[in-house]
Amino acid sequence: MRKQYRILSMVLALTLVVSMFTGNMAFAEETGLSVISLHDFASVTTIEKHSRTFYEIEIDQPEVTLEAASSDESVLKTSLTEESEDSGYYTLVLEAYSEGEATVTLTASDGTAASRQITVQDTGYEWDYTADADQTGDFTVPSGNSRYIKIHYENLSAETYTFPTLVSDHPDDVAVTLEGYEDNDYYYRVDALGNDGRTASLYIGSSDYVIARKLCGVSIAKNSDLSMDTRSTYVCSVFDTYHFVVHTKSGTAPEVTAYNDNITITPVGKVEGGYEYVMEAEHEGESLVQATLNGETAAFAVSILYDDPPSVVYDEPKEVSVERGQTYTYKFSIMGGGTPSFAPDQAGAFTVQSVRKDGIDYYCTVAATGAVGSSSSLLVSFPDSDESYTVNAGKVTVAKQVSKILESDTNHDFSLAKGSSYLFKITGASSFYAGSSGMFTISKEKTSGKDTYYRITATGKVGEAAGFYMYAPGCVPLKVCAVTVAPVKITSDTSHDFELPAGGSYQFKITAPGVDSIQFNGGSAGIVQPVLVKHSGNDFYYKVTAVGKPGQQTGIYASVLGQDAVKICVVTVGQIKVLSDTNGDFSLAAGASYQFKITARGASYVDFGAGSSGVVQTSLVKHSGDDFYFKVTGKGASGQKTGIYVAAPNQDSKKVCVITIK
95 MRKQYRILSM VLALTLVVSM FTGNMAFAEE TGLSVISLHD FASVTTIEKH
145 SRTFYEIEID QPEVTLEAAS SDESVLKTSL TEESEDSGYY TLVLEAYSEG
195 EATVTLTASD GTAASRQITV QDTGYEWDYT ADADQTGDFT VPSGNSRYIK
245 IHYENLSAET YTFPTLVSDH PDDVAVTLEG YEDNDYYYRV DALGNDGRTA
295 SLYIGSSDYV IARKLCGVSI AKNSDLSMDT RSTYVCSVFD TYHFVVHTKS
345 GTAPEVTAYN DNITITPVGK VEGGYEYVME AEHEGESLVQ ATLNGETAAF
395 AVSILYDDPP SVVYDEPKEV SVERGQTYTY KFSIMGGGTP SFAPDQAGAF
445 TVQSVRKDGI DYYCTVAATG AVGSSSSLLV SFPDSDESYT VNAGKVTVAK
495 QVSKILESDT NHDFSLAKGS SYLFKITGAS SFYAGSSGMF TISKEKTSGK
545 DTYYRITATG KVGEAAGFYM YAPGCVPLKV CAVTVAPVKI TSDTSHDFEL
595 PAGGSYQFKI TAPGVDSIQF NGGSAGIVQP VLVKHSGNDF YYKVTAVGKP
645 GQQTGIYASV LGQDAVKICV VTVGQIKVLS DTNGDFSLAA GASYQFKITA
695 RGASYVDFGA GSSGVVQTSL VKHSGDDFYF KVTGKGASGQ KTGIYVAAPN
745 QDSKKVCVIT IK
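Written out as structure tokens, the structure reads:
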């Protein structure tokens with residue numbers, strides 16, 4: 095079997111691909127409108143049953159789209175993914191399910207086509223991998239909770255990098271994400287996203303094999319007693335603290351533990367409805383807070399960033415009027431920065447009456463106590479943080495009673511990408527309009543009682559802005575907010591040029607607020623291979639692997655639809671450092687053997703051999719991580735000698751030592 099073509103995982107939550115693309119076969123119709131280059135796929139005629147393989151396809155006119163189809167999907171399934179918008183490069187994935195023949199046809203939108211007839215055969219190849227999980231039985235997890243599953247994985251016979259896969263058959267209810275690995279141990283986080291009563295099955299396998307086996311079942315259900323006030327992933331920075339409550343009716347405190355040393359947990363004491371604890375973030379990475387009591391488990395995930403500001407999310411107007419003697423309650427969702435503080439920027443207009451915490455949600459009630467017409471701003475600050483973070487939540491003005499109330503579910507100013515839409519819920523108003531024309535279109539979607547839903551779509555030029563107003567007879571028009579047509583701002587946690595050893599990988603964190611996807615790629619093909627690892631909120635985590643030759647370099651670019659690409663940095667492919675545990679010359683008896691340990695960080699393979707034939711015989715014993723173990727057996731006549739040489743991919747060989755036959 096041609097394992098050099100074997101693809102890595104195409105499972106949900108992780109697509110990690112290591113590839114080698116060579117060749118340049120091209121096929122086109124006589125019209126010559128476009129040219130489809132099949133590269134390595136042009137020489138493929140047979141593939142192994144149950145294998146997953148992938149190939150690079152290129153079309154010389156990037157504006158022309160490309161599709162793939164199989165003549166018999168019961169034998170061979172196909173999928174085609176464009177590497178980046180208008181790049182002209184695609185990844186073709188073949189999954190072989192049964193013996194037989196199928197024709198794979200690539201068709202361009204201008205009519206150009208290329209086909210390959212593929213035979214799926216069963217040569218008896220056996221996938222010699224082991225994947226053992228620390229969870230094998232069915233389990234129950236409350237909605238909004240998480241837990242980890244550790245998989246110990248080995249695949250010594252594979253010629254390319256592989257890893258275990260863990261997938262859910264209902265990812266909308268139970269999501270699975272690879273959070274990291276250490277040596278041969280891989281850590282998957284299981285998140286219960288669905289409602290109570292939903293179920294899913296988890297399947298475990300290997301990235302180069304289409305057949306997975308069922309590991310266990312997952313049910314989403316409430317515990318009879320134990321629960322957490324935090325019901326989703328808590329995101330913070332290193333050294334941040336976070337107070338949380340484990341709810342229980344028991345007089346015995348639950349056991350609360352951290353999954354790893356990225357966080358520490360300290361009990362605070364008994365509170366109404368349960369027990370309070372404080373978590374402190376010690377190291378960057380992922381972790382889990384888990385509480386157990388009387389056979390029940392509740393947990394929430396923690397994602398620790400290096401040095402990000404606190405997240406303060408609220409859906410309140412920039413200005414509110416509160417009748418004198420009345421109150422108004424803000425709702426904030428806050429993560430990171432420690433315990434927040436709420437106070438007016440100046441005394442006289444209002445006081446903070448109370449703050450109620452429920453997980454990451456803080457309900458701050460202010461009371462209008464000043465003279466009619468007086469105003470102050472509500473500030474959210476973080477006294478526990480080393481940095482000075484302050485958020486102005488808006489102005490509170492003391493007002494007289496109003497007879498009619500107009501409300502909007504959105505009152506804060508925001509930006510909307512051109513072509514995108516946003517839905518407003520307006521209550522009590524007869525009309526909703528923009529103060530300036532030509533920048534947005536407005537359509538009335540539906541009316542339900544006093545609520546009317548309006549959809550706005552950005553059609554103006556980038557940078558243009560319009561205020562939006564609501565009106566009812568007998569009232570003055572009230573401004574809801576201002577919306578700006580703006581491009582998406584793309585930032586990267588890495589902006590400096592650097593060198594990446596051949597075969598090595600590096601992860602970028604790209605932040606692009608308000609979009610569901612971005613394009614991330616190298617400016618020159620065949621030098622680095624980018625793969626999306628995770629998408630979390632506004633952050634996209636991409637891993638790039640150096641697949642080119644040492645000395646080659648390429649710019650790294652990120653973009654969103656409709657905008658020019660932003661150059662992030664330049665990556666240069668460096669040499670792989672090859673080390674041997676034996677470097678001194680020695681003698682070896684005919685028939686005797688000696689084992690070398692070769693270390694080549696980031697290499698998927700190394701070339702190891704003798705300079706002269708017939709003196710010794712070499713063979714690979716095993717490959718574990720960055721280490722390759724080779725056995726050398728003496729074969730020649732007494733007095734014969736040979737040099738031993740080793741080379742990483744695309745690098746010159748280097749002499750390790752000289753062996754003389756005794």
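When you line the sequence shown up against the working numbering, it's residues 95 to 756, in that order.
Glycine included, C-beta positions come from ideal geometry on N, C-alpha and C.
What do you get for residue 601, buried or exposed, if any count of 16 or more other CB atoms within 10 angstroms of its CB means buried? exposed
Over the uninterrupted beta strand (DSSP E) stretch that includes residue 538, give me the two end residues. 534-542
Measuring straight from C-alpha to C-alpha, what distance separates residue 301 and residue 729? 39 Å
Is the beta carbon of residue 216 closer than 8 Å to that of residue 171? no
Output yes or no for whether 8 Å exceeds the beta carbon distance between residue 242 and residue 387. no
Which whole-angstrom value describes the C-beta separation of residue 322 and residue 394, a residue pair presumed to lie in contact below a C-beta threshold of 8 Å? 6 Å
Tell me, please, which residues DSSP counts as bridged to residue 615. 651
Beta-carbon contacts of residue 96 that lie in its chain and below 6 Å, excluding the five residues immediately before and after: With a pLDDT of only 28 at residue 96, under the threshold of 50, the placement of this residue in the model should not be trusted; the figure read from the coordinates follows. Hits under 6 Å: none found.
What residue from 163, 319, 489 and 410 has the CA that sits closest to residue 441's CA? 489
Run the CB neighbour count on residue 755, radius 10 Å, all protein chains shown included, and call it buried at 16 or more, exposed below. buried
Can you grab the Cα-Cα spacing for the pair residue 281 / residue 246, in whole Å? 9 Å
Burial state of residue 409, where buried means 16 or more other Cβ atoms lie within 10 Å: exposed
Tell me the DSSP secondary structure of residue 441 in three-state form. coil
Assuming contact is defined by CB atoms lying nearer than 8 Å, are residue 337 and residue 412 in contact in what I supplied? no
Just to confirm, is the Cβ distance from residue 270 to residue 284 under 8 Å? yes
Pull up the DSSP beta-bridge partners for residue 171, would you. 189
Range of the contiguous beta strand (DSSP E) that encloses residue 147: 146-153
Enumerate in chain order the residues of its own chain whose CB-to-CB distance from residue 297 is below 6 Å, with the five nearest sequence positions on each side excluded. 261, 306 and 308
With three or more C-beta pairs closer than 8 Å as the rule, is the segment 553-561 touching the segment 582-590? no
Using only the alpha-carbon positions, how far apart do residue 693 and residue 733 sit? 30 Å
So for residue 675, helix, strand or coil by DSSP? coil
Over the uninterrupted beta strand (DSSP E) stretch that includes residue 331, give me the two end residues. 328-331
Identify the continuous beta strand (DSSP E) that holds residue 717 and give its terminal residues. 710-718
Figure out for me which residue from 697, 355, 739 and 612 has the closest Cα to the Cα of residue 706. 739
When 502, 417, 335 and 533 are compared against residue 573, the one with the closest alpha-carbon: 502
Where the beta strand (DSSP E) through residue 475 begins and ends: 469-475
Does DSSP put residue 134 in a helix, in a strand, or in coil? helix
From what residue to what residue does the beta strand (DSSP E) around residue 390 run? 390-399
Less than 6 Å between C-beta atoms, sequence neighbours within five positions excluded: which residues of the same chain meet that for residue 313? 234 and 293
Thinking C-alpha only, which one of 564, 539 and 512 is nearest residue 522? 564
In the segment 177-252, which residue ranges form an unbroken beta strand (DSSP E) of at least 3 residues, counting only runs that do not cross its ends? 183-190, 194-202, 207-215, 224-227, 233-235 and 240-248
Can you tell me which of 251, 299, 414 and 256 puts its alpha carbon nearest to the alpha carbon of residue 462? 414
Closest by CA to residue 263, which one among 612, 176, 222 and 295? 295
Measure the C-alpha to C-alpha separation of residue 427 and residue 201 and round it to an integer number of angstroms. 49 Å
What's the call for residue 124, buried or exposed, on a 16-neighbour Cβ count within 10 Å? Model confidence at residue 124 stands at a pLDDT of 40, short of 50, so the residue's coordinates are unreliable; what they give is reported in the following sentence. Per the 10 Å Cβ criterion, exposed.
Residue 133, buried or exposed, once every other Cβ within 10 Å from all chains shown has been counted against 16: buried
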